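Position in the sequence shown counted from 1, then plus 838, gives you this note's numbering.
In this text, a Cβ means the ideal position worked out from N, Cα and C, and glycines have one as well.
Bear in mind that the values here come from a model prediction, so they are computed numbers and not experimental data.
In what follows, a single structure is set out as structure tokens and then discussed.
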Amino acid sequence: MAESNNWSELPVELLCMVDQRLFKLKDVIRFRATCKPWRRSLNSVRGKFRQSLPWLMLPYCSGDIDSTSSGCKGSDICRRFFDVAEQKFHHIELPQGLDKTTCRGSAFGWVLTLQRTPFMFLLNPLTGDQIALPPITSFPDVLKFRPEKIGHEYLWVNDSGCKIARGKKSFEARYISKMALSADPAVEEDFVVMVIRCSLGDDRLAFCRPRDDEAWTLIPRPGPCLMAFTDVVYWRGQFYVLDNFFRLFICDISIAGHPRLRLLIDSKSTTDFSENYYLSVSPTGDELMMVTRNIRYPEEDEDDDDNNGYIIPVDHGVKDDEADIVALDEDSDDERCVDPGVSLDRRVHRTIRFKVLKLNEDTKEWDEVRSIGEYALFLGFNTSTCVSARDHPEIVPNSIYFTDDMLDY
839 MAESNNWSEL
849 PVELLCMVDQ
859 RLFKLKDVIR
869 FRATCKPWRR
879 SLNSVRGKFR
889 QSLPWLMLPY
899 CSGDIDSTSS
909 GCKGSDICRR
919 FFDVAEQKFH
929 HIELPQGLDK
939 TTCRGSAFGW
949 VLTLQRTPFM
959 FLLNPLTGDQ
969 IALPPITSFP
979 DVLKFRPEKI
989 GHEYLWVNDS
999 GCKIARGKKS
1009 FEARYISKMA
1019 LSADPAVEED
1029 FVVMVIRCSL
1039 GDDRLAFCRP
1049 RDDEAWTLIP
1059 RPGPCLMAFT
1069 DVVYWRGQFY
1079 VLDNFFRLFI
1089 CDISIAGHPR
1099 LRLLIDSKST
1109 TDFSENYYLS
1119 VSPTGDELMM
1129 VTRNIRYPEE
1139 DEDDDDNNGY
1149 IIPVDHGVKD
1159 DEADIVALDE
1169 DSDDERCVDP
1179 GVSLDRRVHR
1189 TIRFKVLKLN
1199 EDTKEWDEVR
1209 SIGEYALFLG
1219 FNTSTCVSAR
1229 DHPEIVPNSI
1239 YFTDDMLDY
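This is the structure:
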């Protein structure tokens, strides 16, 4: 009798040929989960995320989860992912040591993680790959990490010179609000990580080049006034950042040792704390869009008239029989949480509408947009993503998919 073939010993070249012909993330995951030799041979998902719709990463699974598609069997470090296109959940087991990880932003399928220690990483949850970043203690305003000071582990100093002690859990959950990458780390080794560093109403931008830098570099604010940044994106070879006054800045990091913010669009608008603001780049890379998200609080007036941009109704609810994910509908009373473990009492706000504006490079102003056409936007803690419904017929064109990124307030 002839011996059976050992599939785990297939040549790497053949595995790569198969891998390159898989375009759905679920197929890539299952292919790599077949056996450890295959997973080791295919150690990155090069280019897959540019061809796929974003997945939503949800909180840790309970110990009774069993997913044959990922090999996640009752693990404490198993994460759920929601596939918007197919309305299904997938369960992925993260590398050991990530059971108490705080995630602060994502781009190109990589998540910025803080692990209850000063260490920071970029994690690709689908492959388990990690890229070390400079530690939190390398930020100029973070003085030290004191693990013996339970509940007061981090000691940092504000611009007034006041030293403040914070617990590691709350500090890591608020110190960094957004992250953007200049390139996909799976494709380009020489890339830049830009983050929004939050500090009691005085936000700063900080960046590093993981291949070369051992510390984060803060970008000085352009004036004496405190600043609050809402989003940052990489577009046409530069980082662009938006503040809560609709002002758009370019982050100039081209001169070593002298980073600065250059004002591109000024605005006389006043801060509206009932709105969130996002930046997104069109799939073609030709347009930069700003999205305003209007939040309604129980005590607020019902008058919503505003001529500054076109209102796109929230009418694309994403629902599932397992009742874990709901996109709120403007005409619906359904306010279930993204995760069933979160109490409804925390949902003191509700998203009621979005407005989309486009950068006019000639006038240096934001122009109203009456439709985003075939595009769909994905907004949240992640780097805002814009995709074409022509390339992904599973999604609704001229729509906005969003997660609740205000649970801390």
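**Prompt:** If you measure from the beta carbon of residue 1097 to each beta carbon in chain B, is any gap under 9 Å?
**Reply:** Structure shown: chain B not included; a single protein chain is present.
**Request:** Can you tell me which of the three DSSP states residue 1012 falls into?
**Result:** Helix at residue 1012.
**Message:** Output needed for residue 976: all residues of its chain with C-beta closer than 7 Å, excluding positions within five of it in sequence on either side, in chain order.
**Reply:** Result list for residue 976: 1052, 1053, 1054, in chain order.
**Request:** Using only alpha-carbon positions, find the residue among 1003, 978, 979 that is nearest to residue 989.
**Result:** Selected option, being the one with the closest Cα: 1003.
**Request:** Rounded to whole angstroms, what's the CA-CA distance from residue 1239 to residue 1230? Just pull it up for me.
**Result:** Those two C-alpha atoms are separated by around 14 Å.
**Asked** Is it right to say residue 974 is buried, meaning 16 or more other beta carbons lie within 10 angstroms of its own, or is it exposed?
**Response** In summary, residue 974 is buried, with 16 or more beta-carbon neighbours lying within 10 Å of its beta-carbon over all protein chains present.
**Message:** Give me the residue from 1219, 931, 1063 with the minimum Cα distance to residue 1070.
**Reply:** Ranking 1219, 931, 1063 by Cα distance to residue 1070 puts 1219 first.
**Asked** Would residue 1065 be called buried (16 or more neighbouring beta carbons within 10 Å of its own) or exposed?
**Response** The residue is buried, with at least 16 neighbouring Cβ atoms inside 10 Å.
**Message:** Pop quiz: residue 1117 and residue 1080 are said to be a contact at Cβ under 8 Å. What is the actual Cβ separation, rounded to whole angstroms?
**Reply:** Contact flag correct, Cβ pair sits at about 5 Å.
**Prompt:** Which first and last residues belong to the beta strand (DSSP E) in which residue 1203 is found?
**Reply:** From DSSP, the beta strand (DSSP E) with residue 1203 extends over 1203-1206.
**Prompt:** From which residue to which residue does the beta strand (DSSP E) around residue 847 run?
**Reply:** Segment: none, residue 847 is in no beta strand (DSSP E) and carries neither H nor E.
**Item:** Residue burial classification, residue 1089 (beta-carbon count within 10 angstroms, cutoff 16)
**Value:** Residue 1089 is buried by the Cβ-count criterion.
**Where the beta strand (DSSP E) through residue 987 begins and ends** = Where residue 987 is concerned, there is no enclosing beta strand (DSSP E), because DSSP gives it neither an H nor an E.
**Asked** Looking only at its own chain, which residues have a Cβ that is under 7 Å from the Cβ of residue 991, when we skip the five neighbours before and after it?
**Response** So the list reads 983, 984, 985, 1005, 1006, once near-sequence residues are dropped.
**Message:** Does the structure place the region 1188-1206 close enough to the region 917-937 that three or more beta carbon pairs sit under 8 Å?
**Reply:** The region 917-937 vs the region 1188-1206: no contact.
**Item:** Of the residues 1025, 1067, 1198, the one placed nearest residue 1033, counting alpha carbons only
**Value:** For residue 1033, the nearest C-alpha among the options comes from 1067.
**Request:** Would you identify the three-state DSSP class for residue 1223, choosing helix, strand or coil?
**Result:** The DSSP-derived three-state label of residue 1223 is strand.
**Prompt:** Alpha carbon to alpha carbon, what distance is there between residue 1133 and residue 1139?
**Reply:** In this prediction, residue 1139 scores a pLDDT of 49, lower than 50, which makes its location untrustworthy; the coordinate-derived value is nonetheless stated afterwards. Taking the straight line joining both Cα atoms gives about 12 Å.
**Limits of the beta strand (DSSP E) - the one that residue 1070 falls within** = Per DSSP, residue 1070 belongs to the beta strand (DSSP E) from 1067-1073.
**Asked** Which residue from 1058, 997, 961 puts its Cα closest to that of residue 1024?
**Response** Out of 1058, 997, 961, 961 has the C-alpha closest to the C-alpha of residue 1024.
**Item:** Residue of 942, 972, 987 minimising C-alpha distance to residue 1047
**Value:** Taking only the C-alpha atoms, the option nearest residue 1047 is 972.
**Request:** Alpha carbon to alpha carbon, how far is residue 1194 from residue 1212? Give it in angstroms, no decimals.
**Result:** Taking the straight line joining both Cα atoms gives about 14 Å.
**Asked** Given residue 844, which residues of its chain have a CB within under 8 Å of its CB, disregarding the five upstream and five downstream residues?
**Response** Within the same chain, no Cβ atom closer than 8 Å to the Cβ of residue 844 is found once the five residues on either side in sequence are excluded.
**Asked** CB-CB under 8 Å to residue 944, same chain, minus the five flanking residues each way: which ones, in chain order?
**Response** These residues qualify, in order along the chain: 895, 950, 1017, 1219, 1220, 1221.
**Message:** In whole angstroms, give me the CA-to-CA distance for residue 903 and residue 930.
**Reply:** A caution first: residue 903 carries a pLDDT of 41, below 50, which makes its placement in the model unreliable, though a value can still be read off. Going from the Cα of residue 903 to the Cα of residue 930 covers about 10 Å.
**Prompt:** Which of helix, strand or coil does DSSP assign to residue 1000?
**Reply:** The answer is coil: DSSP assigns residue 1000 none of H, G, I, E or B.
**Item:** Local Cβ density within 10 Å of residue 1135, reported as buried at 16 or more and exposed below that
**Value:** So residue 1135 counts as exposed.
**Message:** With distance defined between alpha-carbon atoms, name the residue in 1235, 1101, 1196 nearest to residue 1085.
**Reply:** Checked all of 1235, 1101, 1196; the closest Cα to residue 1085 is 1101.
**Prompt:** Helix, strand or coil for residue 854 per DSSP?
**Reply:** Here residue 854 sits in helix by DSSP.
**Prompt:** How many Å lie between residue 1235 and residue 1042 at the Cα?
**Reply:** Between residue 1235 and residue 1042, the C-alpha separation is close to 35 Å.
**Request:** Pull up the DSSP beta-bridge partners for residue 980, would you.
**Result:** According to DSSP, residue 980 bridges with 994.
**Message:** Quick check: residue 1012 and residue 963, are their CB atoms within less than 9 Å of each other?
**Reply:** No, these two residues do not count as a Cβ contact at 9 Å.
**Prompt:** How would you label residue 1209, buried or exposed, when you count the other beta carbons within 10 angstroms and need 16 or more for buried?
**Reply:** Exposed: under 16 other Cβ atoms inside 10 Å.
**Item:** Among 1214, 1076, 1122, 1097, nearest to residue 1020 - alpha-carbon criterion
**Value:** Of the candidates 1214, 1076, 1122, 1097, the one whose C-alpha sits nearest the C-alpha of residue 1020 is 1076.
**Item:** Backbone secondary structure at residue 965 - three-state DSSP
**Value:** DSSP, reduced to helix, strand and coil, places residue 965 outside both helices and strands of the structure shown, so it counts as coil.
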